[in-house]
Structure formats: structure tokens, C-alpha cells
Amino acid sequence: MALLNIRNLSVEFATGGGSFRAVDGVDVTVDGGEVLAIVGESGSGKSVSMLAAMGLLPWTATVTADELSFDGRDLRDLSASARRKVIGREISMIFQEPMSSLNPCFTVGFQIREALKQHLKLDSSARKKRALELMEMVGIPAPEKRLTAFPHQLSGGMNQRVMIAMAIACDPKLLIADEPTTALDVTIQAQILDLLTGLQRDTGMGLILITHDMGVVAETAHRVAVQYAGWKVEDQPVETLFDTPHHPYTAALLAALPERATERRLPTIPGVVPGQFDRPQGCLFSPRCAHADDLCRSTVPPVQSAALGRARCHYPLSVPAKEKVQ
Amino acid sequence: MSGPVVTARNLSRHYESGGGMFKERQVVRALSEASFSIQPGKTLAIVGESGCGKSTLARLITLIEEPTAGDFTINGVEAVPENWDSLRTQVQIVFQDPYGSLNLRHRVGAIIEEPLKIKRPDISAADRADKAREMMAMVGLRPEHYDRFPHMFSGGQRQRIAIARALILEPKLLVLDEPVSALDLSIQSQVLNLLLDLQQSMDLAYLFISHDLSVVRHVADDVVVMYLGRPVERGSKEAVFSAPRHPYTVALLSATPSADPARVRKRIKLEGELPSPLAIPDGCPFAPRCWKAQDRCRAERPLLDDADHAAACFYPENPDDTA
Ligand SMILES: Nc1ncnc2c1ncn2[C@@H]1O[C@H](COP(=O)(O)OP(=O)(O)O)[C@@H](O)[C@H]1O
Ligand SMILES: Nc1ncnc2c1ncn2[C@@H]1O[C@H](COP(=O)(O)OP(=O)(O)O)[C@@H](O)[C@H]1O
Ligand code: SF4
Ligand code: SF4
Ligand SMILES: [Mg+2]
Ligand SMILES: [Mg+2]
């Protein structure tokens, strides 16, 4: 059984201009020991779907799902205090901007010890020891000295290491990392990704990595979920996704990568992602899709089989001969 | 053939900072001794991590700030303050964040026309509007966009507005400071294609600043790699990407993730982080993080020579490549 199991998750925001469906019928599963990447352009609902699962959205959000379970427990049935025990301890999250999650008024050592205090029964000296151990685990040089530093005295990369230290403080079963390296330079990004995947391997935790960077996906994920405008449009193992994307959006996105260019002009995806007021009928990708026909423009496409990358599409690409019916 | 659009010699920009009551005055060496030239119709890419001096260089070349040392020419004319006024029509800049760089209270048409209004008061309002509409068509904006406000546009379209505005004076050189870094992938390719088309049709020279090596590999003719305010490698794109010489370039290339899960990673792990620009080490600035550093590197600073493919390093990689 999957560690995290989300079926048919939808999120609607009440906005000034009416309600807005930011996440629409998304399934997410991740196993212990698995690295799932959720990839998609900005606004595709990556962050909102995870925040919804954690119960961290504001009251303006209406969250519905057929299933929302973690480690066999239904997250929706938990009392507020039981939920707090799970979120933050068994599931933890890190975000793109470490500076916005760290409190500028307290030393990083204090903040790590507070995280430990909240979730673990350790006395003060054990917390101190564990804080130091965590700083070492995440590769912070001169950790004793760094424990007394304030966030603004550390670089972006160091603060992200501190965030990771806090996130793994209670040995979570699942770590959700939301664009953890987007604000960092590539040499520091490489260090942080190595750190995250190394910790994941050593502890056997599940890891959900949210990113918009196909390179990061290729180098870290086991499985990839592609999101578009609140839909999950494809879900495949990483090896096959890059070779044989089944959803036209995935294929177009991969083709637009400069590193895959075969000529000076890059293949493009015409138009832009639909917004709140121009969501099309039928397939959300149909205004931009080279394969769209009347069926696509009128009817919401089904989710195809796993062999077809669970593509949410009427006409998935690269259909193996045996899958072709008719 | 005409000469280079821009030729820079040892361009430097140092800032004095601090100097408060209890603080010692400190010098930030934002940019030191950058030399390069760009031919018409060609793209020179400047790559390096944040804080290495890319935007400082952009501000010097676009005549926003004066260098503290070194000099440069635009179309053969010395870019000294006396000449700035006449040179400003020849070099324009496009920034990463189109939102921050456009006047949000003005309509698109007025935004695009503004440089013309300031620089060419002889042109009538009607001709100005015609010219603006012509530019809008060139960058893929529609005629009805002329009367709209920037907030009604997506990031990619705002970048088109910024490009139209930058090109309305028909400059020879466009400085592009992270022009696609804020854009989603599907929009990035639209804007990169536009830039390539415009370069070809207007014979534009680009100074293309980016931290994204896969974008640079696609657009550049020549590349300068910067580290802590200094160029550390310079060469043709082919030479720099296929036979990088400076250990920092090698590390940067190996850290750049590739969208190919089958690629065997041979990542060079760089220890540590960028030192503060206030405390640039003596000797080779890369020595504290370099796996090849010797005593000599810590004592003496390696220079970047004038070779076609040059690296400021005593013990370069791929030394046999003579490209
Ligand atoms: N609190 C909110 N109220 C209204 N809309 C929101 C809110 N948070 C996010 N959204 C919208 O939901 C959509 C999905 O957002 P998000 O999940 O943050 O995208 P991303 O894939 O970039 O993480 C976006 O269109 C965003 O504007
Ligand atoms: N006006 C200024 N005063 C003091 N320091 C500055 C100023 N502008 C830039 N710097 C410093 O110069 C260095 C180079 O900055 P910048 O050119 O913006 O780098 P990049 O664009 O490569 O990220 C940085 O350390 C930056 O903090
Ligand atoms: S359903 Fe139709 S429009 Fe949508 S992605 Fe598939 S082929 Fe394209
Ligand atoms: S000069 Fe020495 S320290 Fe500097 S890059 Fe070359 S080998 Fe490394
Ligand atoms: Mg997000
Ligand atoms: Mg910059």
C-alpha cells in the first residue's frame, strides 16, 4: 500500500471573480523509499495540491477528495491535534525560500531545537546534541558556530540546509520539498539535491520533489507526475517519460527544452496556460494542442492506463501496437 | 565588414561600501578587468552564478554607470560620459523581470514609444505611433494591445513589450540581462525564437546574460565565464562547452542538470560556497574551492590572456585543445 494516497483531489478557491478550480481531480501516490517529482509550469497547482493534502490552505479553499490517506490513516478523519502529530513529524515540508520559513529573530540553533521540542520528548541537553548532529548530517561546516548564527548571517544554500535539518529532525516518513533549489545557483543546487537524495536513500523515506526544471526531474526522480492547469496530465517512471511521453503537453514541453534542440528555432507551444476566466471546455490543453479535434474541444478526456502514462488525453502518443484497439 | 559593435578593455567597477561611524570603508570588487568584443549579428553570453558581476557589466555597457577603470567603445566611439547622449540610441537593455521594468500606469503604446519621444523629438506623434505598431507586429503583439496596460499581459507578452521598447530606436547592441529566467519553459522558447529572428533581421549584437547554461548553449556564439567579478574563461561556445579549460567552468557544466535520465553523472562536487566579494582571496579567486589548487595558485593570480580560447588558470583542463 502506498505511503501517501490521494485520489481525485480538487481544490476550489473563492475569489472576487467567483470560484476558481486550482486543482482538478488529481491522483497522487508515493511509496516509502520512492522519489516522486511533480513537474509543471507556474500556476499548474503543484504547491496547492500538496498544501491541500497537508490541510495547510486558507479558509477560502474548498478541498474535496475521494481518498486522502497517509500510512493507512485517513488524514481527513484526524482531530486537529492528531493531525499536528502527523504533519510536521511524519510528513514534513520544505519550501523554495528558506528565508520566508525561518524566523529572522532567532538563531538557527534555537529554531531547530524548537522543532525538536514540538514533536519529540527530548530533554534540553538531548535536543542540543541532536541539533548539532542534524547540522552535521546536512553538511553545514563548523556546525557549533553556525548554531548560534541568525538566518541573515547565512547564505541561501546554508539556510536551505538548515530548513532540511529541521525537516528531517523527527525522521519523517515523507518529505515534501517544494522547489527547494529554485532560488539557488547550480553548484549549490547540485549540493542540495545530492543531500536530499542521499538522506532519502539512507533513511528510506518517501520524497516528493516539486519542481519546474526537467533537468532536476531527470537527475533525481524515480517517477514523474506532470501537471497542467490543475490537472495531472501524465504519470510515468522517469526513464520512460523522457523517451516516450504519452501526453501531447509532456511531449511539447520536452521538445521546447533548449538542450534537446535540433535546430536554431525551438519548437514552441503556442498560446498561454488558461486562467480563471478562459478555461476551455473539454481538454484544458486543447487550445494549444497540435492534435486537438472536436472531441477534445467538447469532452473532458479520460485517464489512460499505466502503460500509457496515465495520460489524460483522448489521443495519447506512442501507443504500443498491442494497446491499439479498433 | 564593419568592426565590432562593442569592444571592452579591462572594464572594472568597484563600489565603496560601509564607512559608517564604526565601520571601516570596504571595497566591493563587483567587476574587474573584463575584456571582450562583439561583432554585429553575434551573441556573446556572460555566464556565472549570482553576484559574479553580470548585472554590473550590463549597467556599464548600457551607459547607466561609469566604469571605475578600463574603457570601452560602441561602434568605435569611446563610451565616455561626453558621448553617452549620442551613444544611448545604439545600446538598449532588457531586464529579467518585465514587470519591474515597465511603467505600469502607461499604456503599451506609450511605453514602446517613450524612447523615441525622448531621443527623436523631430518625429511626429503619428509617425511615432506607426513605428510603435510596426515594432509590436515584429515582436508578435497584436494591434489591439496598443491601448492596454501591462498588468493585462502574461510574463512572456510583457517581455515582448520590453523588447519592442528596446528596439524602437534601432540600436546596434541589445543587452539582455536574464531575459528568459522568469519565464515558463513553454514561453521561454517563444521568446528565444523571437530574439533569434530579430537578431537576424536587424543584424543585432547581443550581450546575453544568463545563469542557465542550457539556454546559453543554444543562443551564444561566444561565451565569457565569470567568477567573483572576473572573467575566468573566454572562447567560442563550441570550445567552452566541449573542451572547458577553467576548473570552475568544468564544475559549472557538471552541476547543470541534464534532461536525460540515462546520462551517467560525473558530477564534480565543489566544496564550499562563493566567498564574499569583500573578501576575495589573494592569488586565484577560485583556489579555496578548486580541487586542483597548488601552492602557486594561492600565491599568484593567473591571468586571462588574449588567446581565442583562454582560461585564467595555471593548471587548466583540456590543455591540448587549441580551438
Ligand atoms: N490562496 C489562494 N487564493 C486564490 N488562488 C490561489 C491561492 N493560492 C494559489 N492560487 C492559485 O492556484 C493556482 C495554482 O497555484 P500553485 O499551486 O501555487 O501553482 P504552482 O504549480 O506554481 O505551485 C494558481 O493559479 C494560483 O494563482
Ligand atoms: N551599487 C552597489 N553597491 C555595492 N555593491 C554592489 C552594487 N551593485 C552590485 N554590488 C555587488 O557587486 C557584486 C556583483 O553584483 P551583480 O553585478 O548584481 O551580480 P550578478 O548580476 O552576476 O548577480 C555583488 O556582490 C553585489 O552585491
Ligand atoms: S485530449 Fe486532445 S487536445 Fe487534449 S491533449 Fe489529448 S489530443 Fe490534445
Ligand atoms: S589557478 Fe589553480 S586554483 Fe585557480 S582554477 Fe587553476 S588550478 Fe584551480
Ligand atoms: Mg509552487
Ligand atoms: Mg544580475
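Residue numbers (our numbering), protein chains in the order written: chain A, 792 to 1117; chain B, 220 to 542.
Beta carbons are placed, not taken as given, at the ideal position from N, Cα and C, and that holds for glycine.
message: Does A/E803 come out as helix, strand or coil in the three-state DSSP assignment?
response: A/E803 falls in the strand class under three-state DSSP.
task: With DSSP collapsed to three states, give me the class of B/G374.
output: helix
B/V313 beta carbon less than 9 Å from that of B/V394: yes
- request: Kindly say whether A/P1078, judged by its beta-carbon, lies nearer than 9 Å to any beta-carbon of chain B.
  value: no
- request: Enumerate in chain order the residues of its own chain whose CB-to-CB distance from A/N950 is below 7 Å, with the five nearest sequence positions on each side excluded.
  value: Cβ neighbours of A/N950 within its own chain (closer than 7 Å, five residues either side excluded): P889, M890, L893 and P942.
message: Going by DSSP, what residue range makes up the beta strand (DSSP E) through A/T1053?
response: Element bounds for A/T1053: n/a, residue is neither H nor E.
field: Interface flag, B/G491 vs chain A, CB-CB below 9 Å
entry: yes
field: Backbone secondary structure at B/A542 - three-state DSSP
entry: Confidence is the limiting factor: at B/A542 the pLDDT is only 46, short of 50, which leaves the residue's position unreliable, though a coordinate-based value still follows. In the structure shown, B/A542 sits in coil (DSSP, three-state: anything other than H, G, I, E or B).
query: Since B/G375 meets chain A, which of its residues come closer than 8 Å, beta carbon to beta carbon?
result: Here the neighbours are V1063.
field: Through-space distance from A/G997 to A/Q991, alpha-carbon basis
entry: 7 Å
- prompt: Which whole-angstrom value is the C-beta distance of B/H430 and B/S269, which I expect to be below 8 Å?
  reply: 7 Å
- prompt: Is B/P362 near B/Q378, with beta carbons less than 9 Å apart?
  reply: no
- request: Taking C-beta pairs closer than 8 Å, name the residues in chain A that B/H430 reaches, listed in chain order.
  value: D976 and V977
query: What three-state label does DSSP hand B/I499 in the structure shown?
result: coil
message: Does the distance between the C-beta of A/F1076 and the nearest non-hydrogen atom of ligand 1 fall short of 8 Å?
response: no
message: What does the alpha-carbon distance come out to for the pair A/D822 and A/L800?
response: 18 Å
query: For A/H1038, does the count of other Cβ atoms within 10 angstroms reach 16, so buried, or fall short, so exposed?
result: buried
- request: Whole angstroms is fine: what's the gap from A/G1066's alpha carbon to A/V802's?
  value: 15 Å
message: Using only the alpha-carbon positions, how far apart do B/L543 and B/A470 sit?
response: Residue numbering for chain B in the displayed model covers 220 to 542; residue 543 of chain B lies beyond these limits and cannot be assessed.
message: In this structure, how does DSSP classify B/D514 when only helix, strand and coil are distinguished?
response: helix
- prompt: For a contact meaning CB atoms closer than 8 Å, what does A/V899 contact in chain B?
  reply: In chain order: nothing, as chain B lies at least about 16 Å away.
query: Can we count B/M503 as close to ligand 4, meaning its CB is less than 8 Å from some heavy atom?
result: The sequence shown places Cys at residue 503 of chain B, rather than the Met named in the question. Yes.
- request: Leaving aside the five residues before and after A/E935 along the sequence, list all residues of the same chain whose C-beta is less than 6 Å from its C-beta, in chain order.
  value: none
task: Compute the distance between the beta-carbons of B/A227 and B/A264, then report whether it is under 9 Å.
output: In this structure, B/A227 lies away from B/A264, with their beta-carbon atoms at least 9 Å apart.
message: Is it buried or exposed, B/W510, if we count other Cβ atoms within 10 angstroms and call 16 or more buried?
response: With fewer than 16 other Cβ atoms within 10 Å, it is exposed.
In DSSP terms, what A/R904 is bridged to: A/R904 has no beta-bridge partner at all, per DSSP.
message: Strictly below 7 Å CB to CB, what residues from chain B border A/D1026?
response: Per Cβ cutoff of 7 Å: no residues; A/D1026 is ~15 Å from chain B at best.
query: Beta-carbon of A/L893 versus every beta-carbon of chain B: anything under 9 Å?
result: Under the Cβ criterion of 9 Å, A/L893 is not counted among the residues facing chain B.
- prompt: Less than 8 Å between the CB of A/G836 and some heavy atom of ligand 1, yes or no?
  reply: yes
query: Relative to ligand 4, is the shortest distance from any of its heavy atoms to the C-beta of B/R515 smaller than 8 Å?
result: yes
message: So B/T475 contacts chain A; which residues on that side make the cut at Cβ distance below 8 Å?
response: V977 and G1006
Under 8 Å by beta carbon: chain A residues contacting B/R436: P1049 and E1050
- prompt: Of all the CB atoms in chain A, is at least one closer than 9 Å to the CB of B/K488?
  reply: It does: the Cβ of B/K488 has a partner Cβ on chain A nearer than 9 Å.
9 Å Cβ cutoff, A/T988 in contact with chain B: For A/T988, the answer is no, since every Cβ of chain B falls outside 9 Å of its Cβ.
field: DSSP three-state assignment for B/E353, whether helix, strand or coil
entry: helix
- prompt: Going along chain B in order, which residues have a C-beta closer than 7 Å to the C-beta of A/I955?
  reply: What A/I955 touches in chain B: nothing, since even the nearest Cβ is about 16 Å away.
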